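A short worksheet on the structure shown next.
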């Protein structure tokens, strides 16, 4: 089971791989769209990669609720619990 | 015929081909008679026991010439297009996107073709679907595989807004793109058009399909000797990949900014065989029509043509039909017109072929040199043409024009006419 920082860091690597955003910029308070400029298609790629990496399911309906990196990390933490 | 049309010139060239990652290295290789064909080392060659085990892969992997994140969002065909567009744009003397370069983006167009589209993406995602289910299919699969993706991405790259188009006509696609670009400028829709095309389908499915059509050479033990247009022992084409893009510009616009001009794109002629979905029309009727239309469009007489860069793919029927057509258009004078077939070195780039070979034609006019056709050990006795062999030949200074032929499955014929500047 990964802790919050491990999940944030893992998610940051995925975001960097897919979008080129520097991993250090992927902090909990950052908005995926407003701060990191990630479009909806890249967001789906990030979600699918995160599902695989963290062994969780993130339904499509849920993706629109993941506004910030913190939202996504919390969802993944709960999914792993 | 009185010319009232806007004159269009070539001010920039960009390319990625089996013999070079840019225009200069491609041209050097062509003059040196170097083949880009080699044995393929991909796992699927052995896995499927492929009947054809060689091709002409790009000399430089286009993904290495692009930022990583951009490369992963582009099909290989679009990677070639973006790489070539950047080179052509810079070669024309422009920096940054259209606005950065001080241009009105609404006066800059893109016509960038592919014959087949994003096959790497299509087949790769089909494998993901079969192996891992629908969730693993990329949300970018459609924008990556659509055949207009190279055109759209070049327009994004340059912020070109006069229109982005992708004419599809198999192996004449990118020549048709250049003809379309000519029309865009003549009709006043744009001052500048980035035009050409690319292809990337060195994959088992298309190779199996082309081999089953009996269109490909099976000379597996001698890849470099396999593509032999006009040779008696030719047995089909060699599959290449890559592409080229031109910067076309109204002569007025080019002159106003003091641009270097390679040649004038003087005219284009197009026709359809309406004969067979894949076979050449042996009498060359459609090719003759396209050639005559190109000459009329360019206001050229047959005795002004110094050179023809042939489509010649190294198939038995196609090369002979092209020769027949040239004889009918040029009559006895045909034997005084040196011809060449770049596919002997770069293989057949399908949708990218027309633009790469049109580029070769333009460079022949610009540098006054015709690259040789390699592997013509015994000129087919049915081919009564002056094929440039062994070494480059100096172009006749007295005649101002050169033609480029591009024909495609489906009976599409495109002939481009260039005039020396």
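Residue numbers (our numbering), protein chains in the order written: chain A, 19 to 99; chain B, 16 to 436. By construction, the Cβ of each residue, glycine as well, lies at the ideal position given by its N, Cα and C atoms. Since the model is a prediction, treat every value here as computed from it, not as a measurement.
List, in chain order, every chain B residue whose beta-carbon is nearer than 7 Å to that of residue i.
i, result
"residue 86 (chain A)", "Within 7 Å Cβ-Cβ: nothing; residue 86 (chain A) doesn't reach chain B, min ~21 Å."
Could you tell me how far apart the beta carbons of residue i and residue j are, in whole angstroms, since I believe they sit closer than 8 Å?
i, j, result
"residue 276 (chain B)", "residue 24 (chain B)", "5 Å"
"residue 259 (chain B)", "residue 27 (chain B)", "No, residue 259 (chain B) and residue 27 (chain B) are not in contact; Cβ-Cβ is about 11 Å, not under 8 Å."
"residue 319 (chain B)", "residue 219 (chain B)", "So it is not a contact: roughly 46 Å between Cβ atoms."
"residue 361 (chain B)", "residue 71 (chain B)", "6 Å"
"residue 400 (chain B)", "residue 380 (chain B)", "With 8 Å as the limit, residue 400 (chain B) and residue 380 (chain B) do not qualify as a contact, their Cβ atoms being about 19 Å apart."
"residue 72 (chain A)", "residue 20 (chain A)", "7 Å"
"residue 212 (chain B)", "residue 129 (chain B)", "6 Å"
"residue 207 (chain B)", "residue 123 (chain B)", "5 Å"
"residue 74 (chain B)", "residue 33 (chain B)", "6 Å"
"residue 185 (chain B)", "residue 423 (chain B)", "3 Å"
Quick one, which of the options has its alpha-carbon nearest residue i's?
i, options, result
"residue 369 (chain B)", "B:428, B:403, B:319, B:296", "B:428"
"residue 155 (chain B)", "B:147, B:215, B:329, B:139", "B:139"
"residue 22 (chain B)", "B:285, B:205, B:337, B:99", "B:205"
"residue 267 (chain B)", "B:235, B:434, B:316, B:201", "B:201"
"residue 134 (chain B)", "B:181, B:159, B:327, B:50", "B:159"
"residue 52 (chain A)", "A:89, A:92, A:85", "A:85"
"residue 339 (chain B)", "B:50, B:256, B:300, B:384", "B:300"
"residue 195 (chain B)", "B:209, B:314, B:164", "B:209"
"residue 27 (chain A)", "A:50, A:59, A:55, A:44", "A:44"
"residue 333 (chain B)", "B:244, B:227, B:69", "B:244"
"residue 387 (chain B)", "B:107, B:403, B:90, B:232", "B:403"
"residue 46 (chain B)", "B:288, B:405, B:150", "B:405"
"residue 62 (chain A)", "A:83, A:47, A:23", "A:83"
"residue 254 (chain B)", "B:303, B:59, B:365", "B:365"
"residue 81 (chain B)", "B:102, B:61, B:64, B:66", "B:102"
"residue 231 (chain B)", "B:358, B:250, B:141, B:311", "B:250"
"residue 76 (chain B)", "B:237, B:95, B:171, B:353", "B:95"
"residue 223 (chain B)", "B:64, B:434, B:412", "B:64"
"residue 325 (chain B)", "B:176, B:115, B:92, B:419", "B:419"
"residue 227 (chain B)", "B:52, B:246, B:293, B:182", "B:293"
"residue 190 (chain B)", "B:163, B:349, B:126", "B:126"
Any heavy atom of the ligand SAM closer than 6 Å to the CB of residue i?
i, result
"residue 233 (chain B)", "This structure lacks the ligand SAM, and indeed carries no ligand of any kind."
Identify the contact partners of residue i in chain A, using a Cβ-Cβ distance below 9 Å as the criterion.
i, result
"residue 101 (chain B)", "Going along chain A, no residue has its Cβ under 9 Å from residue 101 (chain B), so there is no contact; the nearest lies around 18 Å."
For residue i, go through chain A and note every residue whose CB falls closer than 7 Å to its CB, in chain order.
i, result
"residue 97 (chain B)", "Simply none; closest approach about 16 Å."
Return the residues of the stretch 53-70 of chain A that lie within a Cβ-Cβ distance of less than 7 Å from chain B, sorted by chain order. 59, 62, 63, 66
Report the residue ranges of all alpha helix (DSSP H) runs contained in full by the stretch 241-317 of chain B; include only those spanning at least 4 residues, in chain order. 266-271, 300-312
Counting only runs of 4+ residues fully inside the stretch 44-77 of chain B, write out the alpha helix (DSSP H) ranges in chain order. 58-62
Name, going along the chain, the residues of the stretch 20-47 of chain A whose beta-carbon falls closer than 7 Å to a beta-carbon of chain B. 37, 38
At a CB distance below 8 Å, what residues from the stretch 135-156 of chain B approach chain A? Give them in sequence order. 150, 151, 153, 154, 155
Alpha helix (DSSP H) runs wholly inside the stretch 321-370 of chain B, at least 4 long, in chain order: 331-345, 358-361
Which residues, taken in chain order from the stretch 70-89 of chain B, show a beta carbon closer than 9 Å to some beta carbon of chain A? 82, 83, 84, 85, 87, 88
Which ranges would you report for the beta strand (DSSP E) in the stretch 183-240 of chain B if only whole runs of at least 3 residues count? 207-214
In chain order, what are the residue ranges of uninterrupted beta strand (DSSP E) at least 3 long that sit wholly in the stretch 363-424 of chain B? 416-423
Would you list, in sequence order, the uninterrupted beta strand (DSSP E) runs of no fewer than 3 residues that lie entirely inside the stretch 69-141 of chain B? 123-128
Which runs of the alpha helix (DSSP H) fall wholly inside the stretch 137-182 of chain B and span at least 4 residues, in chain order? 156-160, 164-173
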